[in-house]
Every structure is written in structure tokens, then in C-alpha cells.
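Peer 1:
There are 4 protein chains.
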Amino acid sequence: MLKVGLLGAGRIAGVHAVAISGHSGSRLQAVSDINADAAARLAAAHGAEARATEAILADPQIDAVLIATSTDTHSDLIERATAAGKAVLCEKPVDLSLERARACMARVAPTGKPVMIGFNRRFDPNFAGLKAALTAGEIGKAELLSITSFDPAPPPVAYVKVSGGLFRDMMIHDFDMANFIMGDLPVTVSAVGSSIVDPAIGAAGDVDTAVVTLTYADGRIAVIKNSRRAVYGYDQRVEILGSEGLLQAQNMLETTVVKSTKAGVTGAKPMHFFLERYMTAYRTEWAAFVAAVTEGADLPVTLADGVAALAMAEAATRSAKTGAPVALAGLLA
Amino acid sequence: MLKVGLLGAGRIAGVHAVAISGHSGSRLQAVSDINADAAARLAAAHGAEARATEAILADPQIDAVLIATSTDTHSDLIERATAAGKAVLCEKPVDLSLERARACMARVAPTGKPVMIGFNRRFDPNFAGLKAALTAGEIGKAELLSITSFDPAPPPVAYVKVSGGLFRDMMIHDFDMANFIMGDLPVTVSAVGSSIVDPAIGAAGDVDTAVVTLTYADGRIAVIKNSRRAVYGYDQRVEILGSEGLLQAQNMLETTVVKSTKAGVTGAKPMHFFLERYMTAYRTEWAAFVAAVTEGADLPVTLADGVAALAMAEAATRSAKTGAPVALAGLLA
Amino acid sequence: MLKVGLLGAGRIAGVHAVAISGHSGSRLQAVSDINADAAARLAAAHGAEARATEAILADPQIDAVLIATSTDTHSDLIERATAAGKAVLCEKPVDLSLERARACMARVAPTGKPVMIGFNRRFDPNFAGLKAALTAGEIGKAELLSITSFDPAPPPVAYVKVSGGLFRDMMIHDFDMANFIMGDLPVTVSAVGSSIVDPAIGAAGDVDTAVVTLTYADGRIAVIKNSRRAVYGYDQRVEILGSEGLLQAQNMLETTVVKSTKAGVTGAKPMHFFLERYMTAYRTEWAAFVAAVTEGADLPVTLADGVAALAMAEAATRSAKTGAPVALAGLLA
Amino acid sequence: MLKVGLLGAGRIAGVHAVAISGHSGSRLQAVSDINADAAARLAAAHGAEARATEAILADPQIDAVLIATSTDTHSDLIERATAAGKAVLCEKPVDLSLERARACMARVAPTGKPVMIGFNRRFDPNFAGLKAALTAGEIGKAELLSITSFDPAPPPVAYVKVSGGLFRDMMIHDFDMANFIMGDLPVTVSAVGSSIVDPAIGAAGDVDTAVVTLTYADGRIAVIKNSRRAVYGYDQRVEILGSEGLLQAQNMLETTVVKSTKAGVTGAKPMHFFLERYMTAYRTEWAAFVAAVTEGADLPVTLADGVAALAMAEAATRSAKTGAPVALAGLLA
């Protein structure tokens, strides 16, 4: 039984708490948050204790911590938790600063403790199914990957200002998805972006619509499209062309009800946002972490994966400014 | 907090136990089964006690029982539980004997205790969504209903022999679905059936493939198709034509992955069987029962609904033998 | 080069004229119609001559006639044309009277001339594709056939009164489709019908909504659904369950455009009516007729097929009145 | 009646000949080709005359010419035909040389004769439907356009060598589609490409897989994906995200037959190649040309459109070599 401390008691922490409690091999022991009330409520709902982060990290009974705090605390908490001997599952991104994230990785390495980054989409049954079919050779050799990833509505500008920007905050999921599907890092990253959805986002120095093109050493190409606003819901699609076919992972819909009238044939919208769409993925992600930690299996997503996605976000941020492609190697060396 | 006794510890009882435990307004207190080991295991998994059925019914702390035992015990347990002052959620069908079911209904009435029958499909978000759209007038006035309901594989012949036959055992769900969607009982029931899937089912006196046509007083028509075998999975579709359009509830698929190759464009199969397809429905069903019992809301499915569906199964069984339509009124009078 | 006389110059005759002219192996020589203007216009548009029916039949240069006149003239014209040595393609139905149609068949037989009935749907690439896949064994042995066939809007009541009724006028296409797919005639025909779309149709002695169930000697079952009104368009679907799978031929849509908005995901409606949906089928039908006549190939649809479908319509008409199944054999003996 | 001379008698000329003959307002008078036999055959099949190109251009009876010869002759023939007073519909591209095409446009202008470029895809009912919905404001303001355009199989390397390269030969259609949908030219063009499908294509100095990103003055973005090989057929999709929704034009399929078996749910492939997919588009294109020429309507695609698409191809060719974005203005000034 893996005894778990949960750092953070916000919305996403609540999702993880359910996954931890619902897994027969793990138990939520303690919750901490800078908002003590939130920590107390979440702990109570799961028969756990609200404690200080420090106390959780110092408790030898705690085997693992799940870090679901604000991004600027991630690197620090990963370092402290691994130094304290805990296995770690940390929400993405590792950090907004690539340099800081790389330093974190360097400090964690000697501890030998497992650190997994919460790229939950790898565990979505649809994307995982696509990857499995690709790996099984069902469409031959991969050639051209497309990722469509649109949020239903833009976040408040206040959030945008501290988010690190679309590439680090939103597209980082898609960079990791590209790495997951392609099984390799790209050589170059080219980005274009604009703030056509909301000029206030542009005024805040960020973009809300972007296309990134990735090239690979063997000639493969990937393209990622992001928009902060798709009014019809959370649009999350992946498709990959190979030498013997095409694989697509399409949207999950709210229901299967279809209505045909004079106005046309209307089906349900995509599931609205990430909590609905990736509910299963969060549970599967946690199960994979528990399996890796307790059975010594390989981590399905590593701290290095988190750093790689962050480097791609950094490259895209630079490319979107200059228009020129950015070589990834220079950011990871 | 509704304190619940679970009668039965088989597969479907396990599904209900998860729903009971997972609901914040109910708690599983006790489990009984003729197989004491099974009861003990299921009780342990949910922090409940394994007890004798008699003890559960006699316990004034128990507010409600969920009956998930074999069909031949349903009527008796419904009567005993309501006599003991319990609210009841009983798995379908009420009984294999229409006469016995009607007697049960007569005996329960004076107790005033709520008895709900577990027609879980009413709580499937797709069918419920179709019903809601129909009720909202989105396709005008209903005219022609079609229900397709195919199991992935036929049950063992030994099961068929004691099942009461396809109409009482399998199509009873679809009779209730017709009643749910149409909001009224049919006037006549006409059935044809054959044992083309497995002649051994025919030798056992049953059919494995059947079509039933229902007519309504106002001219509406419904048709139900059943097969014991659809090798591609659990095929569960409803469609209704109205004066201003068509509503369809289509199958839920295992994933959204689509593969295009020289061989065609291939998507995932329907979810394999009822546990996968109706997982959400079982949880919603339980929540509806808890709400009805604790908040005095109307039961969404009543004992009378269970008896009506059984009468339709009886009518279909007779019609399949003679070929002639059977008037439902004669069976309910 | 097959030289063709076209009897009739109405809407469907115009469709056939295009097919005849567009085929490299046939030439439209002459057109007749009780409306001389219509005949003249259609003839002119195709570089043909407007003539009297009698003159066409008497002309030894004419190899074949296509009969697209009103139904009550079909039997007579088939007899006269074959007696005159012409090959015949006649629009469905053969006749409204089963007795008359059977007499026609008896009179035609001695002439040895080919008579094909225009069940154009057999030549629809979707239904033909379904049939080919079934014949190729792709879903094993057929078990349960479903045909959905809804018109976009009911015809005028004046038409209904002379149409012979829904079963002979509309469902006759679906009876032939069942015969085409199943490759055998049913043993019994059971029908229910109502005039829920338009009570005036009921007052005229007809139904506008109907379900027919067919049983086969080997245990197979078929069900046909008809409605005179599907406001979203011409709904033409076939599906068949077999021992190893399901085949469906779905609707053809007006375009492939899909719109996702807050209101849902909306695609195009089915093609509106038979001219759009079956345009290709009419051309393929004609090509098959030309091939049969000029190359001595087997007729893909025979006069006997036309009589069989008519007998099923007769059986359904009777069953809808009494409620009891009608044995087909008695009508074909 | 528009009297038409057809220059060229190859495959695509044959498609146009059918459209010309099938239009009630045009007549195919003459056909020329460097292969005299081909010209004779095509002319004979349409009741036209085989003549020399010179003779066709000199014939005052000829109102219009359709140029379907090899690309290197296009500019010259456009100039000669307009000088001779003919209206022109010319197959894409205008030329492989942007400079030559611009010179052609300059020479044609003073003649005042209509010159339409055969970007047939604008007339596809699906893409035209998408454009109409966009123009009607059904998804608000356009933001992000995606075009997927894959051929079923790569052409012979010999063809690749003289094709002008993927961007001028294949993607030029997609550049025009972007211009059609967006209603404006992009500011910058960025391209990446590789020869992952066939290294021999790379050895010939071309790419077979490419992604191009376009930026617009108002912040809109477009991305075009091309591959020379999609083994499942001709993959032609367009989707555009707007402020109030998403519009997609999906593939047209060979049939609507769907097969569900243990192996999954399999539908038909996309129509195999351009002749099947764009058959309707070629007819509509011709009708639009006839309407423009005979009724003085605006040309739906102009010579300037042809030059703009060629400039984008030139820009993409340069960008794919350097990796840097290329400003379009410099190529059109």
C-alpha cells in the first residue's frame, strides 16, 4: 500500500485525490495547501489529514508525494521531496524556466528517486490506442503527425500574464504528445502565433492561436495547432500518416444522440474540458505511477520528458518572435 | 445517510455495491448471499458486514435493500422487505410469472414502501438524452420507434432453460425502453422469433433472434429487434421518427481511434457488454433511487413498470407461438 | 447500338432518357406520351422523334422499349411490346392487381423476350456493395435484415387514392430489396400500419406509417419500416446481421460539410429524394439492361421479381387489416 | 451556344470534353493535340473535329478555348488565344515560372478577354459549401485554416523531375484553396519538406511530404499539409476554426457501406483520386465559365488568382530550402 501525500488542494489536486483513493494499492494520508481550509476540506473528504508540506515531506511513513501546487513551486518541491526519499508525481510543467528545470533534473538524478511528470494525455485510451497501433506497425512507418488542441475558452488575462505563455502553459501538452507518438525529439521547432481571439492576450505579450512545425532527423514532420477558444468544446485530436495508412484519435462526445431535422443532422459536442475528457486518463496515470514505484517498472513519463517538452516550448516561444526555426539541440545541451 | 443491505453477492451485486459505496448519501451496511464466501468477500471489500438475509430484513438500522438475487426469489424478497419497512431497489425482472408479479404488486401496495425496478438503461446518458430531446419537442410528435438490442454472444443453453425465454430475460429491457420512450403502454404485441443463431436454443424451447411490433392507441408503432449474438459487441441503439425529425442514440465505442488503410477505414467496436456500456447508468440509477427515497421524489421506475414489461414479454411469448397479435390489456386487467 | 423507344415523358421518363442517351451502346429513337407536348419536348432534348406508342411498337428498327407510363398501363404495354418482339424495361410496379400481373407474366413467357422491372435500388452502389459483401461471406450467414425507407414528404391525398396503397406503391421497393438481399422469398408477411402522419391518408383508406415483418423457411427474419414523412430528407438504409457481423448501407449526404458550434456538431442531411439519391442507380440499371439484352446476359431483375414483390405487397395489405400473418405461397401459387 | 476549342487530348482534356458536351450552353467544335491520334479519337467521341491548334485559334467561329496541354505551353497559349479574341479556361498552373506567368498576365490585360484558371476544387460542393457557410457568418470570424491534401500514390520520378516540384505541381491547388477560403493573400509563407515517402524524389531535388504555414495581416493563420502518398486514397479535407465554431469539409467515400465484425467497424475509403472526387467540380467549373463568358458574370477564378498561387508556391519552394519565412509581397510586386 503506497502512502501518499498530496501537495496542493486545488481543482486538479481534487481529481488526483479521487484517483489515489480509488486505487486499491494507494492511500491518501495527508494533504497540504497554502489555503489551510482547502487542505482541510480535501483531506476530510478522503479520510486523510491536513498537514504542512514540511511535515509531509519529513514523515517517513509517506512513500510518495503528488505535487499539484502552482508551477513556480514545482522544481523546488521536486528537489525537496526526492531529497526526502519520496517518489514524486508532479503536474506539468516542471517549471517555467528551462534553466531551472534542467538544474532540478541535475539535482534529482543523484537521489535515484522516481520522478514522473503528469502528462496525463499519454494515458487517454484514445491516444494510447493510437500509439499502440502505430507501434504495432499497423500503418507502417510514421511520416507526418498532426495534433489539434483547442481549449473551449481563453483563460483570464490575469492568468495569461503569469502562465509563461501559450507554448509553455498549453502547447507543452502537445509537445509531449509529439514526443510520445514520435518516440524521438525534433531537430527544429518553427512557430507562428497571433492574438486573434483576444487582443488583450496580445497586449499581455502572449498569443492565443499558434501553429508549430517540428522536423525530425529522419525526415518526419509534425505540426501542432493550438487555439485558446473553440466554442463547441475541448477539441483534442491526433492524426498520423504512415507509409501504410492513417491513424486518427478523434474527439470524445458528450453523448451519442443524433438529431436529424430540416436544419441538418446534429450530434453532441466534444466533452467540454479536460476534467471530463481526461477523467479516465488521470486514473490510468496514477495506476501507472503506483505500478512503477511499487513494482519497479519503468516510469512511463520521466523528468527528462518534462524538460524536453519545456525546451520545445522555449524554442517555439523564440521562433514565434523571430519567425526563424530554432534548433532544439542548443536548448538541451 | 441511507443505510443499505445488499441481497446477493454475484457479478451484478458487485456493480451495485460500487455504486452504493461511491454515493455520498448511502452506505453499504450488510451483504447476504446463499454463497457465504461470496457475501463475505463482497462485504469486506466495502467495509460492510456479511449477514443472513433474514437478519438484514429484521435490522431496524437498515433503511433500504437492493435485491440482486436470482429471479425466482425477487417477488418473495420484495414482499418481505416492504413488509419489514424497507425501501427496495430490485433487479429486473420482477418475476418470470406475470401472475406472481401481479400478486406481489398487490401485496406491496398497502405497505406504501417505495419499490423501484432496476431498468438501468433508462439512466444511460444516451437514451436519457434522447428521451429528454423528445420530451422537449425537438422532433415534434413521436410516430415510429425502433430499438436494436443485440448481445455479443448467446448465454449457455443451461441458462436459457431457466431464463424464462428471450422475451422475459432479454427483451424485457427493450419493452421497458419502449414504455420509457413512448410514455404509454402498447395496445397489441406481435412477435416472430427463430433459433437461427443456435439450434440448441430452439431445442430448449426458446428463440435467439426475434422481432416484436407494438401498436399504440394513437397510431404510433414500435419495433424491437433482438439477437443473442452480434460478434462485434453489444449493439444497443434506439431511434425514433417524429413529425419534425429523427432522434437516434447510437452505440458507445471502445475508443475513438480510426485507422485508414488499403483495407478501408476502421473504427473501434461498440463497448463489449453491459458492464462497460451501462457503468454510468448503474451509478445514476442508484443516485435516482437514493434521491427518491430520501427526498420523497417520485420513483423513476416503479413496480408497475416492472409488471408492465413482464406482461409485454408474456404477450410476445404467446404471439411468437401463434403468429397472431396479442392484446396487452387482457394481461394487465 | 440498341435503339430504344421510350413510352412516357414524365419526370422519371426524363431520368431514363438521360441514361439512355448517356450510354454508348444505346440510342433514344422515339418518345411517346398521352401529352404530345411533353413527348415532343423530351424527344427534342435528346435528338429523338416524338411518335405514337403504336408506331413505336410497330417499328422494326426499335429494339427495346422503356415503359415509364402510369402504372395501370404497364401490364398491357409489356404484353404488347413483347408480342412486337421488343425487349422491355418497365418501371415498377408491374400492376396494382396481382392477378393481372400474373396473367401478364403468363402471356409474356411464350415470347421469350426479356422483361426487366425497374427496381432501381438494386443498382445503388451502397446496397449493391452490401449485397456483394454479404455474398462474399464477409459477415457469415445472414440472420436478421432491417430496411428503413422513409420519404421526405407524403404525396397528395389525390395520388394516394389511386396509388394502390403504401404497400404496393412505396414499400414494394423494399420488398424487392428484401428479396434481393435475402436471395429468397419469405414464407409469411405480417404488417401493421397507421395514418399518424396525415389522417386524410387514413380517410382515403391507406396508411402512411408501417412496419412489416417477414419470416423465412430457414429461420431468417426481415423487418421493413416505412414512413411517408421524414422531414430531414430521403432516409434509405439497409442493415443485416449475420453470424459473423453486421453490414449497413447508410444514407448518402448532400455534402460532407460539418459545422461545430455551441449548438452541437451538425452535418448535412440525406440527399433529398430519389432523383438525387438514385441518379447513379438509374444509369447502372440501364447499363445492366443493355448488357443483358445485347450480350445475352441474365436479367438482373425479372418480371417474376416484379410479381413476387407485388404479391408481398398484397400480403402486407391484407395483414395490416387483420393483424394476422399472411402466407405468401397462397398468393403465388 | 458557346463554341469551344479544346487544346490537348489527354486524360484531363477528356474530362473537360465531357463537361463541355454535357452543358446545354456549349458545344465542343474542335480538338487539337500534338498526338494527332488522340485528338482524333477525342474529337470523334464528341462529334467534334480534330484540327491544328493554329487553325482553332484562327477560326472566328470558335468563342472559347480550354487549354489542357502540358504546363510549359500554358502562358504561350493563353497569350495567343486572348490575342485571337478567345475566352480562355486554362488548366493550372499558369506556368512553372512565376516571372513568365506575370508577363503573361501583363500581356493578357490589354485584350480584355476573360481568362479563368482551372482551380477545380473551388467548385467541389463540399469546399464550396464550407466557403458559403463561412461567408454567411455561421462560425463568426475566421481564425485558423487547415488543409489536408494527400495523393494516393507518388507520381513517377520522371514526372517529378519536370513537375516544377511539389509546391508548384501539387500544393498549388491548396494555395488557391487557402486564397479562396481566406479571401485574402498571406503575408508570409513558411515551409518544411522532406522526401520520406521516396528517397528518389529527394534525389531528384523535390520533396514528397510538406507542411506550409501562412500568416495573414489580420492575425489569421493557415496550415497546409501535403503528402504524395496516402495508401487509403485521395485525402482532401479542409477545416477552419472561427470565433463561433468550426467548419470541416470531409472526404467523400466510395460507398456508405459499413461492416462491423470482430475486427472492428469498417467503412469505405475516400474516393480514390481526383477524377472520381472532383467529377462534379469539373462540371460546375465549366458551367461557371460558360456563365461568366456568355452572361458577363465575374470570373470565379482569375488569371491573377493563378499568379498568386504560383507566387505562394515559389515562396514555399524558397522557404523549404532556407527554413526562413518568405514574404509574399516581394514576389508579387
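Protein chains in written order, with our numbering: chain A, 1 to 333; chain B, 1001 to 1333; chain C, 2001 to 2333; chain D, 3001 to 3333. Don't be surprised by glycine CBs; every beta carbon is placed ideally from N, CA and C.
Whole angstroms is fine: what's the gap from E2091 of chain C's alpha carbon to A2009 of chain C's?
Peer 2: By 1-based counting over the third sequence, the position of residue 2091 of chain C is 91. By 1-based counting over the third sequence, the position of residue 2009 of chain C is 9. Roughly 13 Å separates the two Cα atoms.
Peer 1: Using CA atoms only, rank isn't needed, just tell me which of C:E2239, C:G2140, C:G2193 is closest to R2228 of chain C.
Peer 2: Taking the first residue of the third sequence as 1, we reach residue 2228 of chain C at position 228. Per the Cα distances, C:G2193.
Peer 1: When the Cα of E244 of chain A is compared with those of D:P3270, D:A3210, D:V3197, D:G3202, which residue comes out closest?
Peer 2: Locating residue 244 of chain A in the first sequence gives position 244, where the first residue counts as 1. For E244 of chain A, the nearest C-alpha among the options comes from D:V3197.
Peer 1: Does E3244 of chain D have its Cβ less than 9 Å from a Cβ in chain C?
Peer 2: Within the fourth sequence, residue 3244 of chain D is the residue found at index 244, counting from 1. At least one C-beta of chain C is nearer than 9 Å to the C-beta of E3244 of chain D.
Peer 1: Looking only at DSSP bridge pairs, what is N3226 of chain D linked to?
Peer 2: Here residue 3226 of chain D refers to the residue found at position 226 of the fourth sequence. DSSP, once it has assigned bridges, lists D:S3149, D:A3210 as partnering N3226 of chain D.
Peer 1: How is D3235 of chain D classed by DSSP in three states: helix, strand or coil?
Peer 2: The sequence position of residue 3235 of chain D within the fourth sequence is 235, counting from 1. D3235 of chain D: strand per DSSP, three-state reduction.
Peer 1: Any beta-carbon of chain C closer than 9 Å to the one on A281 of chain A?
Peer 2: On the first sequence, residue 281 of chain A is found 281 positions in, with the first residue counted as 1. With 9 Å as the cut-off, A281 of chain A does not count as an interface residue toward chain C.
Peer 1: May I have the straight-line CA-CA distance separating G2022 of chain C from R3107 of chain D, to the nearest angstrom?
Peer 2: Residue mapping note: residue 2022 of chain C aligns to position 22 of the third sequence, counting from 1. Residue mapping note: residue 3107 of chain D aligns to position 107 of the fourth sequence, counting from 1. Cα to Cα, G2022 of chain C sits roughly 41 Å from R3107 of chain D.
Peer 1: Counting only C-beta atoms, is M3177 of chain D closer than 9 Å to chain C at any point?
Peer 2: Residue 3177 of chain D sits at position 177 when you count from the first residue of the fourth sequence. Taking Cβ atoms only, chain C never reaches closer than 9 Å to M3177 of chain D, which makes this a no.
Peer 1: Scan the stretch 2064-2087 of chain C for residues whose Cβ lies nearer than 7 Å to a Cβ of chain D and list them as they occur along the chain.
Peer 2: The stretch 2064-2087 of chain C vs chain D, Cβ under 7 Å: nothing.
Peer 1: Within 9 Å (strictly less), CB to CB, does G129 of chain A reach chain B?
Peer 2: Translated into the one-based positions of the first sequence, residue 129 of chain A becomes position 129. Cβ-Cβ to chain B under 9 Å: yes for G129 of chain A.
Peer 1: Since I believe L3130 of chain D is in contact with A3249 of chain D (beta carbons under 8 Å), could you give me their beta-carbon distance rounded to a whole number of angstroms?
Peer 2: Start at 1 with the first residue of the fourth sequence, and residue 3249 of chain D comes out as number 249. Start at 1 with the first residue of the fourth sequence, and residue 3130 of chain D comes out as number 130. Contact holds; Cβ gap of about 4 Å.
Peer 1: Can you list, in chain order, the residues of its chain with a C-beta nearer than 8 Å to that of V231 of chain A? Leave out the 5 residues immediately preceding and following it.
Peer 2: One-based indexing of the first sequence puts residue 231 of chain A at position 231. Hits under 8 Å: P152, A153.
Peer 1: For a contact defined as C-beta to C-beta under 9 Å, what are the partners of R3220 of chain D on chain A?
Peer 2: Here residue 3220 of chain D refers to the residue found at position 220 when the fourth sequence is read from its first residue. The answer, in chain order, is S194, I196, T209.
Peer 1: Determine the chain C residues that contact Y1232 of chain B at a beta-carbon separation under 7 Å, and present them in chain order.
Peer 2: Taking the first residue of the second sequence as position 1, residue 1232 of chain B is located at position 232. Ordered by position in chain C, the residues that pass the 7 Å Cβ test against Y1232 of chain B are G2245, L2246.
Peer 1: First and last residue of the beta strand (DSSP E) that includes K3259 of chain D?
Peer 2: Residue 3259 of chain D sits at position 259 when you count from the first residue of the fourth sequence. From DSSP, the beta strand (DSSP E) with K3259 of chain D extends over 3257-3261.
Peer 1: With a threshold of 9 Å between beta carbons, is V2238 of chain C in contact with chain A?
Peer 2: By one-based count along the third sequence, residue 2238 of chain C stands at place 238. Judged by the 9 Å Cβ criterion, V2238 of chain C is not in contact with chain A.
Peer 1: Suppose the cutoff is 7 Å on Cβ atoms and the five residues either side in sequence are ignored; what does the same chain contact list for F3175 of chain D look like?
Peer 2: Indexing the fourth sequence from 1 puts residue 3175 of chain D at position 175. Here the set comprises A3309, M3312, A3313.
Peer 1: For chain B, find out if any of its Cβ atoms is closer than 9 Å to the Cβ of I139 of chain A; answer yes or no.
Peer 2: For the purposes of this step, residue 139 of chain A is identified with residue 139 of the first sequence, where counting begins at 1. Chain B contact via Cβ: present.
Peer 1: Rounded to whole angstroms, what's the CA-CA distance from M3216 of chain D to T3188 of chain D? Just pull it up for me.
Peer 2: Residue numbering aside, residue 3216 of chain D sits at position 216 when the fourth sequence is read from its first letter. Residue numbering aside, residue 3188 of chain D sits at position 188 when the fourth sequence is read from its first letter. It is worth fixing the name first, because residue 3216 of chain D is Tyr in this sequence and not Met. Taking the CA atoms as reference points, Y3216 of chain D sits about 7 Å from T3188 of chain D.
Peer 1: Going straight from the alpha carbon of R3168 of chain D to that of D3076 of chain D, what length do you get?
Peer 2: Translated into the one-based positions of the fourth sequence, residue 3168 of chain D becomes position 168. Translated into the one-based positions of the fourth sequence, residue 3076 of chain D becomes position 76. Rounded to the nearest angstrom, the two C-alpha atoms are 18 Å apart.
Peer 1: Return the chain-ordered list of same chain residues with a C-beta closer than 7 Å to the C-beta of G3118 of chain D, the five sequence neighbours on each side being excluded.
Peer 2: As a working mapping, residue 3118 of chain D is identified with position 118 in the fourth sequence. L3089, C3090, E3091, K3092, E3285, listed in sequence order.
Peer 1: Taking C-beta pairs closer than 7 Å, name the residues in chain D that G1267 of chain B reaches, listed in chain order.
Peer 2: By one-based count along the second sequence, residue 1267 of chain B stands at place 267. Within 7 Å Cβ-Cβ: G3264, V3265.
Peer 1: With 9 Å set as the bound, which would you pick, yes or no: does the beta-carbon of S319 of chain A sit closer than that to a beta-carbon of chain E?
Peer 2: You won't find chain E in this structure, because its protein chains are A, B, C and D.
Peer 1: Going by DSSP, which residues form a beta bridge with E3049 of chain D?
Peer 2: Against the fourth sequence, residue 3049 of chain D aligns to sequence position 49. Note: E3049 of chain D sits in a beta bridge opposite D:A3030.
Peer 1: Can you list, in chain order, the residues of its chain whose CB lies under 8 Å from that of A3329 of chain D, leaving out five sequence neighbours each side?
Peer 2: Reading the fourth sequence from its first residue, position 329 is the one you call residue 3329 of chain D. Correct list, in chain order: V3187.
Peer 1: Note down, in chain order, every chain D residue with its Cβ under 7 Å from the Cβ of T1261 of chain B.
Peer 2: Counting from one through the second sequence, the residue named residue 1261 of chain B turns up at place 261. Near T1261 of chain B (Cβ distances below 7 Å), the residues of chain D are V3231, Y3232.
Peer 1: For A1204 of chain B, which option in B:V1160, B:V1211, B:L1241 has the closest C-alpha, if you only look at C-alpha atoms?
Peer 2: For the purposes of this step, residue 1204 of chain B is identified with residue 204 of the second sequence, where counting begins at 1. Comparing Cα-Cα distances from A1204 of chain B to each of B:V1160, B:V1211, B:L1241, the minimum goes to B:V1160.
Peer 1: Are the Cβ atoms of T209 of chain A and E3143 of chain D separated by less than 9 Å?
Peer 2: Mapped onto the first sequence, residue 209 of chain A falls at position 209. Mapped onto the fourth sequence, residue 3143 of chain D falls at position 143. Yes, Cβ-Cβ distance for T209 of chain A and E3143 of chain D is below 9 Å.
Peer 1: Any idea what DSSP makes of S1097 of chain B, helix, strand or coil?
Peer 2: Within the second sequence, residue 1097 of chain B is the residue found at index 97, counting from 1. Annotated three-state conformation of S1097 of chain B is coil, per DSSP.
Peer 1: With contact counted as at least three CB pairs below 8 Å, one residue from each stretch, are the stretch 49-64 of chain A and the stretch 14-32 of chain A in contact?
Peer 2: yes
Peer 1: Going by beta-carbon coordinates alone, are L3002 of chain D and T3302 of chain D separated by less than 9 Å?
Peer 2: Residue mapping note: residue 3002 of chain D aligns to position 2 of the fourth sequence, counting from 1. Residue mapping note: residue 3302 of chain D aligns to position 302 of the fourth sequence, counting from 1. For L3002 of chain D and T3302 of chain D, no; Cβs fall outside 9 Å.
Peer 1: Which of helix, strand or coil does DSSP assign to G1193 of chain B?
Peer 2: Counting from 1 along the second sequence, the entry for residue 1193 of chain B is found at position 193. Here G1193 of chain B sits in strand by DSSP.
Peer 1: Would you identify the three-state DSSP class for A87 of chain A, choosing helix, strand or coil?
Peer 2: By 1-based counting over the first sequence, the position of residue 87 of chain A is 87. Note: A87 of chain A maps to strand in three-state DSSP.
Peer 1: Based on Cα-Cα distance, which residue from C:F2123, C:T2266, C:L2331 lies nearest to K269 of chain A?
Peer 2: Locating residue 269 of chain A in the first sequence gives position 269, counting from the first residue. Minimum Cα distance to K269 of chain A is reached at C:T2266.
Peer 1: Between C:R2122, C:M2182, C:G2112, which lies nearest to L2351 of chain C when the distance is taken from Cα to Cα?
Peer 2: Residue coverage of chain C in this structure runs from 2001 to 2333, which leaves residue 2351 of chain C outside it and unanswerable.
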